[in-house]
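Colleague: My questions all concern the structure below.
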Amino acid sequence: SGVSQRPSLVTMNWRLCVFLIGFHHHQLCHALLETCSLIVVQNLSCSDFLDEFREKRPFILRDDAVLRLEQNSEFQKRSSVNLLVEAYGESQVVLSASNSISHRKKSVRFADYVSSLSPVDADQSADSIWYQFGDHNYSQWDSLFEHYVKPTVIECDEAQGMEIAYSFGLGHTGSGVPFHVHSSVFAEVIQGSKRWFLYPPDAIPLFDPNATSQKWVRDIYPDLSETEKPFECVCHPGDLIYIPSHWWHATLNEGLTVFISSFMADKFS
């Protein structure tokens, strides 16, 4: 007769966490899942970044969060939802469908986008959920981006001849993007928190590109074996995640989340 295997503590916690997020108990979810299977580093030098991580493996830079928030206090303040609406409410922003490909786009007033935000139903089709992330009119948004104090490690990458393109956005509970790949990126949460799931380029994850990340967490994640599970971590304000080119990754916002990513490339068209 077969021997039934008890689910791991992580898997049981995930199931409970999905239930808690459904009732908006994000802090309880955090308490269950404050584990991080990515490398967490502090005081990362340029030489260590170039030798150990650049285009090799992801990491979380988790220096003194209080100091980081102080460095970025003006950007943090201007990124509060109320001030964003006050400054950019009449601006047109480009929204993308929240599926893996994100080919569908539309333009709306930023204030209308913010007023439409609500927790995402896990069973919605991802390509029917509109999400602000990137495609900015920089002549409008530069007045915000000029206050962003880049972590030093980004300057290390720029010194290698890389160009940088900012993508700024916000989303509500349960929003995010299912697994996808692109060029290397540094990403930082400004308000709220964001959960990341990552696989190496040669480990293509099992997922539906039109299913939400929340549905993947509920339906697929609990049945993965320990060797099939992704690298994962929750980023809070003050944390920075680095993802090398072509690493598969998915995101899941917990609470109303504001974020900025610095995409790196040899040249942007």
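Residue numbers (mature numbering (1 follows the signal peptide of the UniProt record, and there is no 0)): -31 to -1, 1 to 238.
All residues carry an ideal CB built from backbone N, CA and C; glycine is no exception.
#1: Go through the region 122 to 185 residue by residue and report every complete run of the beta strand (DSSP E) that reaches 3 residues or more, in order.
#2: In the DSSP assignment, what are the bridge partners of K74?
#3: Specify the secondary structure class of E43 as computed by DSSP and reduced to three states.
#4: Please report the straight-line C-alpha distance between S84 and E21, rounded to a whole angstrom.
#5: Please report how far the alpha carbon of L(-23) lies from the alpha carbon of Q101, in whole angstroms.
#6: According to DSSP, is A91 helix, strand or coil?
#7: Apart from the five residues on each side of it in sequence, which residues of its chain come closer than 6 Å, Cβ to Cβ, to L167?
#8: Pick helix, strand or coil for L86, following the three-state DSSP scheme.
#9: Around the C-beta of P170, are 16 or more other C-beta atoms found within 10 angstroms, so that it is buried, or is it exposed?
#10: Distance, Cα to Cα, V10 vs D32?
#11: Buried or exposed: which applies to I123, given that a residue is buried once 16 or more other Cβ atoms fall within 10 Å of its Cβ?
#12: Cα separation between K74 and S65?
#13: How would you write the range of the beta strand (DSSP E) that V50 sits in, first residue to last?
#14: Between D235, G145, H72, Y82, which has its C-alpha nearest R164's C-alpha?
#15: Between the region 35 to 50 and the region 113 to 121, are three or more C-beta pairs nearer than 8 Å?
#16: Sorry if obvious, but does the Cβ on I133 come closer than 6 Å to a heavy atom of the ligand COA?
#17: Can the beta-carbon of D61 be found closer than 7 Å to that of S48?
Modeller: In this structure, then:
#1: 132 to 140, 154 to 168
#2: Looking up residue 74 in the sequence shown gives position 105. The partner list for K74 (beta bridge, DSSP) reads S65.
#3: On the sequence shown, position 74 is the one that residue 43 refers to. It is helical.
#4: What you label residue 84 is simply residue 115 of the sequence shown in a count that begins at 1. What you label residue 21 is simply residue 52 of the sequence shown in a count that begins at 1. Their Cα atoms are separated by approximately 43 Å.
#5: Mapped onto the sequence shown, residue -23 falls at position 9. Mapped onto the sequence shown, residue 101 falls at position 132. For L(-23), the pLDDT reaches just 39, beneath the cut-off of 50, and the residue's location in the model is therefore unreliable, although a value from the coordinates is still provided. If I take the Cα positions, the gap works out to 35 Å.
#6: Within the sequence shown, residue 91 is the residue found at index 122, counting from 1. Coil.
#7: Numbered from 1 along the sequence shown, position 198 holds the residue referred to as residue 167. If we look at L167 and ignore the five residues flanking it on each side, its Cβ neighbours are P27, P199, F200, W216, H218.
#8: Stepping through the sequence shown from its first residue, residue 86 is reached at position 117. In the structure shown, L86 sits in coil (DSSP, three-state: anything other than H, G, I, E or B).
#9: Along the sequence shown, one-based indexing puts residue 170 at 201. Result: exposed.
#10: As a first step, residue 10 must be located in the sequence shown, where it is residue number 41. As a first step, residue 32 must be located in the sequence shown, where it is residue number 63. If you take the alpha carbons of V10 and D32, they lie about 8 Å apart.
#11: Numbered from 1 along the sequence shown, position 154 holds the residue referred to as residue 123. With 16 or more other Cβ atoms within 10 Å, it is buried.
#12: In the sequence shown, residue 74 corresponds to position 105, counting from 1. In the sequence shown, residue 65 corresponds to position 96, counting from 1. The straight-line gap from Cα to Cα measures roughly 5 Å.
#13: For this step, residue 50 is matched to residue 81 along the sequence shown. No beta strand (DSSP E) holds V50; the alpha helix (DSSP H) holding it covers 50 to 57.
#14: Counting from 1 along the sequence shown, the entry for residue 164 is found at position 195. Taking only the C-alpha atoms, the option nearest R164 is G145.
#15: yes
#16: This structure lacks the ligand COA; in fact it carries no ligand of any kind.
#17: The sequence position of residue 61 within the sequence shown is 92, counting from 1. The sequence position of residue 48 within the sequence shown is 79, counting from 1. It is Gln, not Asp, that sits at residue 61 in the sequence shown. Going by C-beta atoms, Q61 is not nearer than 7 Å to S48.
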